[in-house]
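Remarks on the structure that follows.
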Amino acid sequence: MGRQAEPDPSSVAPSALEPCEVRPSGGRAEPFRQCEPQGCPGAGAPRPEASDPIEGAARGEGPGRSSPVRAVRGSAPRRQRRLALGVLLAAAALAVAVFPIRGTWWGGWILAIAEAGIVGGLADWFAVTAIFRRPLGLPIPHTALIPTNWELMAARVGTMVGSRVLTKEYVAQEVGRVDVASLIARAAERLSTRDLDAATRELARWLAAELSPKAAGDLVTRLRDLLLDRPLAPALAAALELARRHGWDQRIVTGLAGAIAEALDRPAFRSMVGELVDDLLARYRERMGTYPRFWLGVASLLGLIDRDRVLGAIQAGLRQVVQEPDHPVRRRLAEAVGELPARLRADASLAARVEAAKRDLLATPVATRVLEDAATALHRTLLADLEGPRSEVRVWIVERLERARRALAGDEDLRRQLDQWVKGRVIEAVERHHQRLAEFIENGVRALGPEGAVRLIEEHAGDDLQYIRVNGTVVGGLAGGLLYAVHLLLRLL
C-alpha cells in the first residue's frame, strides 16, 4: 500500500474511512484499500449518510470468514451501530415520556434511570470516538489517539514483535512442530520429471529476463573479491586432486591450450594478453637485482625480448601441446598435478607465493577485462542453451534434480538430516536478521498511515466498540436508578 500525504488527524472524516470495496479474481474483498475518487470501483455511487461519527465500526463477521455483509457494506444496515444508537435514543425517549410525571416517586426514579443512561451513553460515545478522531471535530486535548500516535504505535508493535515473538526459543518451538521431513517426502513422491523440466524452463525464462550482462559483470566482480579474501592454496589442491582422480587433467590441458591458441589469433585478445605479458615482465624486473635487470634491458633494446615474439612463442608452444599427446609440457603438468596438492598443503612458502601470484594477477586491469569478457560470453552462451529446445544444461539440471528426488523419496535418514538442516537454518536466519524483521513489521504498520490504522482497528474491533456504548447506556441507567433508590431510602429515613 503506497503511503500518501498524511492529513490532519482532526480532519479525518467518517466518510473517508469507509473501506473501498475491491474484489480481485479470487472473489475475496480487500477491506484496507485506500479509496480514490478516480480509481475506486463505484466511486461515484452515493453513500448513505452516517449519523454516527464512528463510521464503519459495526462489521458483524470474523476476520477469517467470508460474509455477505462485507460484500454490500455500503448499503447493509449496521446492526451494532444502530443498536447502540437505538438504546441511547430509547433512553432519551423514556426521559421525555416520564418528564411530566417526574413529581411521583416512581416517575422520578424512571427519569433518573433514563437521564443516567443518556449520560453514560454519551460519555462512552465520546470515549470511543476519541480513540479514532476528534468528537464533533472539536480540538479537545487527548482525542484522536490513533491518528495522532500511530507512529509511536508502529514502533511499539515492532519492538513487541521483535522482543516477545521473534525470539530464538519461540521460533525454535514453532519450527519444531513442522514436520519438514514428511513434507519433503510427499513433495518428492508427487513430483515428476515433467514437473522438474517445467520448473527448469521457468528458471531459464527468469534468467533471460533478469540476468543482464551487467549483472554477470557484477557477479564476476564479487567472485574476484571472494577470491582475494579466501586462501587459494587449499581450494587449488582440492581441485587438482579431483581433476586427477577423474582423469580430467589431460582433457582440461588440451581444451584450455587449444582455446587460448585460437584466441591469440584475434587482435583484441592478443592485445590484452600482450598487455598482461608486459605487466608481468615489468613486475618481474622490479623484483630482479641490478645486474640481471641491466641485461634484461639490453635484450629488450636489441629486440630479443619483444611482445610479438613472446606471444608467438606462447602460441606455438600451445599448439604443440594440443597436437602431441606425449609433449613434455603434458608430462611435466601431470607430474606437477600429482605433487602439487601435497606441497600446497605442507609448504607454507609455496602457499604464500601462490597467494602473491593470485593477488598480482587479479590486480591487473587486463585480468579484470578478461574476466568481464568471459562472464559476458558465458552469460550469452548459457541463455542461448537454456532457451533452445534441446538444452544440454537443462537436461543436466533435470537429471540431477531427478536423482535428488529419488534419493529423497527413498532415504528416510536423508530426509531427517535435511529436516534438521532446514530448521537450523531458519532459526539462524531469524536470529541473524532479528532486528531487520522487527523493523520490517514496524515499517509495515507505519505504512498504513493514520487512516489505515483507524480503518484496521474499526474493521476488527467495531462490534465490541459499539457494545461499549450499549453497556455505557445500560450501566449508566442502572447506576442512576440505584443512586435514586438510595436517595429515596434516605429521605424515608
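According to my numbering, the residues represented by the sequence shown are -2 to 490, in order.
All C-beta atoms, glycine included, are put in the ideal place defined by N, C-alpha and C.
Compare the Cα-Cα distances from residue i to each of the options and report the closest residue.
i: Ala235; options: Glu428, Ala339 and Val84; result: Ala339
i: Glu171; options: Gly421, Gly449 and Arg443; result: Gly421
i: Pro386; options: Arg443, Ala201, Leu489 and Val471; result: Ala201
i: Val500; options: Val116, Ala120, Leu261 and Ala240; result: Given a span of -2 to 490 for the chain in the structure shown, any question on residue 500 remains unanswerable.
i: Ala120; options: Leu479, Leu490, Val467 and Leu480; result: Val467
i: Thr164; options: Arg350, Glu428 and Leu149; result: Glu428
i: Glu259; options: Asp323, Ala313, Pro322 and Glu199; result: Ala313
i: Thr197; options: Ala444, Asp416 and Asp382; result: Asp382
i: Trp418; options: Gly173, Ala88 and Trp122; result: Gly173
i: Arg242; options: Ile115, Val334, Asp416 and Glu199; result: Val334
i: Thr373; options: Trp147, Asp215 and Glu396; result: Asp215
i: Glu455; options: Leu80, Arg130 and Ala87; result: Arg130
i: Leu434; options: Leu85, Val451, Ala113 and Arg161; result: Arg161
i: Asp276; options: Val168, Arg304, Ile257 and Arg263; result: Arg304
i: His430; options: Val168, Ser189, Phe96 and Pro322; result: Val168
i: Asp494; options: Val318, Glu332, Ala450 and Lys355; result: Residue numbering for the chain in the displayed model covers -2 to 490; residue 494 lies beyond these limits and cannot be assessed.
i: Leu479; options: Ala109, Ala195, Ala90 and Leu91; result: Ala109
i: Ile115; options: Gly477, Ala331 and Leu487; result: Gly477
i: Ala256; options: Arg316, Leu239 and Pro264; result: Arg316
i: Ala141; options: Pro325, Ala343, Leu337 and Glu448; result: Glu448
i: Asp192; options: Ile424, Arg412, Val351 and Val392; result: Val392
i: Thr190; options: Ala240, Glu396 and Ala353; result: Glu396
i: Arg342; options: Pro264, Glu332, His457 and Ala232; result: Ala232
i: Val177; options: Phe266, Asp416 and Leu358; result: Asp416
i: Glu148; options: Val442, Leu489, Ala345 and Leu490; result: Val442
i: Leu330; options: Leu358, Ala240 and Gly159; result: Ala240
i: Leu359; options: Val217, Ala90, Leu487 and Arg413; result: Val217
i: His484; options: Val390, Trp106 and Arg328; result: Trp106
i: Leu188; options: His324, Val319 and Glu399; result: Glu399
i: Ser268; options: Leu80, Asp344 and Ala364; result: Ala364
Could you tell me if residue i is buried or exposed, where buried requires 16 or more neighbouring beta carbons within 10 angstroms of its beta carbon?
i: Ala388; result: Before going further, note that residue 388 is Ser rather than Ala in the sequence given. Classification for Ser388: buried.
i: Ala42; result: Legend: pLDDT at Ala42 = 40, less than 50; position of this residue unreliable, value from coordinates given subsequently. Classification of Ala42: exposed, given that the 10 Å Cβ count is below 16.
i: Gly474; result: buried
i: Pro144; result: buried
i: Glu166; result: exposed
i: Thr101; result: exposed
i: Pro138; result: exposed
i: Thr470; result: buried
i: Pro362; result: exposed
i: Asp410; result: exposed
i: Glu439; result: buried
i: Asp246; result: buried
i: Ser72; result: Any reading at Ser72 must be qualified, since the residue scores a pLDDT of 34, below 50, and its modelled position is unreliable; no value is offered.
i: Thr378; result: exposed
i: Ile98; result: exposed
i: Trp122; result: buried
i: Leu85; result: buried
i: Val175; result: exposed
i: Ala195; result: exposed
i: Ala279; result: exposed
i: Val93; result: exposed
i: Gly118; result: buried
i: Ala113; result: buried
i: Gly459; result: buried
i: Arg413; result: exposed
i: Arg488; result: exposed
i: Leu445; result: buried
i: Gly550; result: The structure shown does not extend to residue 550, since the chain is modelled only from -2 to 490, so the question has no answer here.
i: Arg328; result: exposed
i: Arg263; result: exposed
Taking 7 Å as the cut-off, is the CB of residue i close to at least one heavy atom of the ligand ADP?
i: Phe123; result: Here there are no bound small molecules, and the ligand ADP is not part of this structure.
Problem - Segment contact flag, the segment 405 to 422 with the segment 181 to 200, C-beta cutoff 8 Å, min 3 pairs - result: Short answer: they touch.
Exercise for the section: With a floor of 4 residues, list each alpha helix (DSSP H) that falls wholly inside the segment 324 to 384, ordered by position along the chain. Expected result: Taking only runs of at least 4 residues, the alpha helix (DSSP H) segments lying wholly in the segment 324 to 384 are 325 to 343, 345 to 360 and 362 to 384.
Exercise for the section: Would you be able to state if there are at least three C-beta pairs under 8 Å between the segment 238 to 251 and the segment 303 to 316? Expected result: no
Handout entry: Cβ contact (3+ pairs, closer than 8 Å) linking the segment 113 to 129 and the segment 146 to 163
Key = no
Practice task
State whether the segment 458 to 467 contacts the segment 75 to 92, with contact taken as three or more CB pairs (one from each stretch) at a distance under 8 Å.
Solution key: A contact exists between the segment 458 to 467 and the segment 75 to 92.
Problem - alpha helix (DSSP H) segments (min. 4 residues) lying fully within the segment 419 to 467 - result: 431 to 443
Exercise for the section: Determine, using beta-carbon pairs with one atom in the segment 269 to 276 and one in the segment 225 to 240, whether at least three such pairs fall under 8 Å. Expected result: These segments do not touch.
Handout entry: Any beta strand (DSSP E) of 3 or more consecutive residues that is wholly inside the segment 208 to 286
Key = none
Practice task
List in chain order: all unbroken beta strand (DSSP E) runs of 3+ residues lying wholly within the segment 95 to 130.
Solution key: none
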